[in-house]
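Trainee:
Residue numbers (the working numbering), protein chains in the order written: chain H, 379 to 825; chain L, 379 to 825.
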């Protein structure tokens with residue numbers, strides 16, 4: 379049997395894991411510094427928890443797990459006869475694989491509402507599964523990294539989450555722009571455009587701005603029924619941007635706009651924009667996720683990465699309503715781990731990792747030297763120094779090939795001569811330099 | 379909708395994750411100290427990779443994932459008409475969830491044989507899924523922690539893996555016995571019993587020794603056809619134990635036994651038994667996993683835990699033969715993470731963890747104090763000190779309740795008085811002690 383993997387899935391070798399953990403550790407440490415707490419939810423959720431939460435397309439892309447045992451014995455007979463897969467599904471499958479981390483979090487909150495702090499700051503880093511058509515950079519199993527706060531509508535958390543973005547990308551050495559917008563700003567602009575009652579159509583059109591440009595957007599407005607005056611006024615506001623005093627006045631003239639401006643000022647006082655290492659700004663063209671976001675929305679873009687969004691998030695007023703737990707305001711962000719990985723690869727941004735963590739490989743010339751090596755190695759390990767012994771007195775050529783394969787920085791050669799003098803021949807694999815060292819010196823060199 | 383979890387699955391809250399990571403970090407660090415390298419494989423494998431590897435029962439307990447889309451359109455029509463679930467399966471499901479970490483590792487080795495070091499030391503810590511009937515301490519989703527070496531039959535690795543067991547349990551503060559046996563020792567004893575050609579039946583009977591005792595085992599031997607003399611000789615060897623000189627001589631009189639004794643002596647020279655903090659010994663009644671183990675077998679038992687095995691492993695001569703990659707010798711061990719968790723809970727063996735990592739919670743009396751608090755908090759976070767701000771000037775009682783909920787050790791009270799003096803009122807939540815401190819002192823106290 380020739381083994382292979384299901385399409386859209388991947389193995390992760392040691393180097394990939396070391397690199398991925400480098401990213402995750404920076405994200406985790408930052409979350410913890412801000413008082414966010416880890417949770418994990420099971421890979422499988424009940425299908426009823428998942429279905430209907432991600433739209434029709436999402437329902438199709440969910441991986442469904444077949445009931446165990448004689449699943450046909452309880453199958454819907456009509457659906458079987460009609461060969462109707464969709465109708466048959468509920469009777470042969472009760473579980474599905476996690477599709478994102480937000481719905482499981484909402485389910486978790488709702489189930490544990492009496493045991494959790496009133497304000498719950500959680501982070502979660504786990505894989506999710508989607509039956510998307512695999513393509514370059516898109517997989518059926520991939521990690522999501524989310525941080526959310528539930529149970530408070532304070533803008534302190536918007537400020538925190540923007541800082542977390544800023545700090546993580548700063549530590550990773552990726553220069554980014556944090557784009558910010560507010561649903562009520564967009565409501566105000568829709569009102570100006572005369573599209574107050576077509577808010578979602580308006581934001582869907584605006585969301586294409588980056589692709590279709592100003593002219594294309596004007597065409598979309600026309601299709602939605604805007605007259606030329608309204609189109610001109612709308613384009614004027616958007617192109618001048620939020621920092622323009624006239625624009626701010628225009629926005630403040632609507633009640634939604636006035637509320638948003640107040641919140642932006644408050645966020646500013648909390649250091650939301652100016653105190654950051656990266657550029658953060660109100661971007662009136664940012665119009666993502668407005669079917670669920672109800673306040674601020676965020677998007678992080680790498681400078682010159684050409685990879686689009688490296689993360690996004692926002693405020694949602696009713697996080698857990700679907701699970702019968704009303705009036706819980708939430709705000710959260712997500713990191714696009716795959717794209718961050720690609721960005722760091724492209725800009726050579728990872729530290730240098732070896733396949734093995736071992737700092738030295740002992741190479742014995744004979745059986746006696748193997749035992750001698752193993753004893754030295756044990757003492758290094760006792761001191762917490764990763765190290766290993768080539769496990770048999772093979773030809774040196776073979777041993778050196780292994781040393782190269784595991785990318786160990788130093789090798790310690792041991793034959794009768796070294797044993798008699800109670801030393802090893804320590805060779806630096808990069809410089810080729812070699813000299814005899816005793817145990818204490820070896821320990822010092824490797825610490 | 380009232381949310382719930384699929385049976386046999388669990389959420390992990392912050393405290394559980396901190397405790398679990400405490401265990402995993404000790405295991406991981408030890409693996410790395412010995413030069414083992416991390417890999418991860420996908421949750422889903424092709425069903426053809428998994429089926430037939432775990433026996434008929436295993437095939438039944440595999441979670442199968444339904445093909446996406448209109449799965450009935452390509453279903454086996456005969457099986458559908460006959461309502462034969464088993465026959466229908468291959469035509470509607472091509473993937474299953476990982477059942478253990480050994481088969482995926484063998485698949486990984488076989489697929490990547492040309493890119494891996496000739497000897498590959500890998501560890502893997504990931505969840506697996508089994509449709510077992512859930513019961514106390516048994517779940518359908520649980521973590522496995524494995525370390526294996528592939529591509530060498532050197533006993534250096536048996537020595538390493540025993541040391542790893544010893545070190546991990548020593549660091550965890552769990553006293554254990556490492557029981558060791560060898561397939562060839564058991565072959566020698568089977569030969570003495572006249573059951574050389576019924577080896578698996580013999581070891582299956584011996585495996586029950588702990589439960590049925592000496593008398594029960596004698597009965598099993600009788601049932602297998604042993605005469606009374608052979609039974610007596612066999613019981614004598616097993617009860618006297620390996621360290622008895624007569625027993626050693628008897629074992630060495632068979633060729634299998636002589637080979638095993640030689641290997642045990644070699645392992646002893648590598649410090650396999652005496653150099654350890656825990657008790658490690660040859661236990662002639664240990665007879666686990668002998669349908670696949672071909673050399674040494676290991677089992678770790680907690681002293682007085684009453685939980686049975688905390689881990690096990692052994693040598694298998696043909697790890698990847700099923701994947702068309704012959705003659706790869708492997709040796710590996712596994713940690714029973716669930717039982718280790720239970721053991722530490724029972725003996726209060728975990729360090730003290732808080733729900734939140736925050737070392738201080740700022741409590742503002744008014745809006746102005748909130749901004750002041752947030753600025754102090756940002757500076758602490760800049761210094762890497764986990765901290766947070768209560769996000770609004772709520773009543774102090776409410777703020778204190780939150781402090782208790784997140785189990786933060788210190789709170790910093792901030793009102794107009796504190797702001798004017800450029801201090802906070804720092805209160806220790808355990809002692810109740812409270813005094814005014816400036817920023818530098820606060821930083822020192824929390825570092």
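Think of the CB as a built atom: it goes at the ideal place given N, C-alpha and C, for glycine as much as any other residue.
Since this is a predicted model, take the numbers as computed values, not measurements.
1. Which residue comes first and which comes last in the beta strand (DSSP E) that contains residue 412/H?
2. Count the other CB atoms, across all protein chains shown, that sit within 10 Å of the CB of residue 544/H; report buried if there are 16 or more and exposed otherwise.
3. Cβ atoms of residue 531/H and residue 501/H: under 9 Å apart, would you say?
4. Spatial neighbours of residue 427/L within its chain, please: C-beta separation below 6 Å, excluding the five flanking residues on both sides.
5. Looking only at its chain, what residues have a beta carbon closer than 8 Å to the beta carbon of residue 685/L, apart from the 5 residues adjacent to it on each side?
6. Beta-carbon separation of residue 656/L and residue 553/L under 9 Å?
7. List, in chain order, every chain B residue whose beta-carbon is nearer than 9 Å to that of residue 540/H.
8. Within the continuous beta strand (DSSP E) that includes residue 687/L, where are the two ends?
9. Let me check understanding here. Comparing Cα to Cα, which of 433/L, 390/L and 470/L lies closest to residue 445/H?
10. Please state whether DSSP places residue 813/H in a helix, a strand or coil.
11. Express the C-alpha separation of residue 679/L and residue 653/H in angstroms, rounding to a whole number.
12. Assuming residue 577/H is part of the alpha helix (DSSP H), what are its boundary residues?
13. Quick one: what's got a C-beta closer than 7 Å to residue 687/L's C-beta in the same chain, skipping five residues either side?
14. What separation, rounded to the nearest whole angstrom, lies between the Cα atoms of residue 504/H and residue 604/H?
15. In chain L, what lies closer than 9 Å to residue 405/H by C-beta?
16. Report yes if the C-beta of residue 774/H is less than 8 Å from at least one heavy atom of the ligand FMN; otherwise report no.
17. So, at 8 Å on beta carbons, what are the nonlocal neighbours of residue 824/L in its own chain, with the 5 sequence-adjacent residues on each side left out?
18. Does DSSP classify residue 555/L as helix, strand or coil?
19. Roughly how many angstroms separate the alpha carbons of residue 760/L and residue 448/H, rounded to a whole number?
20. If you count every other CB in all the chains shown that lies within 10 Å of the CB of residue 490/H, and 16 or more means buried, which is it?
21. Check residue 481/L in the structure and name its three-state DSSP category.
22. Tell me the DSSP bridge mates of residue 461/H?
23. Using only the alpha-carbon positions, how far apart do residue 572/H and residue 661/H sit?
24. Does the distance from the C-beta atom of residue 496/L to that of residue 513/H stay below 9 Å?
25. Hey, quick one: how far does the alpha helix (DSSP H) through residue 625/L stretch, first residue to last?
26. What is the rounded straight-line gap between the Cα of residue 651/L and the Cα of residue 511/H?
27. What three-state label does DSSP hand residue 803/L in the structure shown?
28. Given that residue 681/L touches chain H, what residues does it touch there, using C-beta distances under 8 Å?
29. Could you tell me the distance, in whole angstroms, from the CA atom of residue 417/L to the CA atom of residue 411/H?
30. Residue 821/H versus chain L: which residues are under 7 Å apart at the beta carbon?
31. Interface residues of chain H around residue 873/L at Cβ under 8 Å?
32. Can you name the residues of chain H whose CB is closer than 9 Å to the CB of residue 711/L?
33. Report all residues from its chain with a CB closer than 7 Å to the CB of residue 768/H; omit the five preceding and five following residues, and keep chain order.
34. So is residue 423/H buried or exposed if we call it buried at 16+ other beta carbons inside 10 Å?
35. Quick check on DSSP: helix, strand or coil for residue 588/L?
36. Quick check on DSSP: helix, strand or coil for residue 821/H?
Mentor: By the coordinates alone:
1. Run containing residue 412/H: none; DSSP gives neither H nor E here.
2. Its Cβ being crowded by 16 or more others within 10 Å, residue 544/H is buried.
3. For residue 501/H and residue 531/H, no; Cβs fall outside 9 Å.
4. 485
5. 717, 720 and 721
6. yes
7. Protein chains H and L are contained in the structure displayed, whereas chain B is not.
8. Where residue 687/L is concerned, the enclosing beta strand (DSSP E) stretches over 687-694.
9. Comparing alpha carbon positions, the residue from 433/L, 390/L and 470/L closest to residue 445/H is 470/L.
10. strand
11. Between residue 653/H and residue 679/L, the alpha-carbon positions lie close to 55 Å from each other.
12. 577-584
13. These residues qualify, in order along the chain: 677, 678, 679 and 714.
14. 45 Å
15. What residue 405/H touches in chain L: nothing, since even the nearest Cβ is about 14 Å away.
16. No copy of the ligand FMN appears in this structure; indeed no ligand is present at all.
17. 737, 738, 758, 763, 765 and 788
18. strand
19. 58 Å
20. exposed
21. helix
22. Per DSSP, none; premise fails for residue 461/H.
23. 21 Å
24. no
25. 623-630
26. So the two alpha carbons sit approximately 54 Å from each other.
27. strand
28. Under the 8 Å cutoff, chain H gives no residues; its nearest Cβ is about 23 Å from residue 681/L.
29. 28 Å
30. Among the residues of chain L, none has a CB under 7 Å from the CB of residue 821/H; the nearest is roughly 14 Å distant.
31. Nothing about residue 873/L can be reported from this structure: the residues present for chain L run from 379 to 825 only.
32. What residue 711/L touches in chain H: nothing, since even the nearest Cβ is about 16 Å away.
33. 739, 740, 741, 742, 777 and 780
34. buried
35. helix
36. helix
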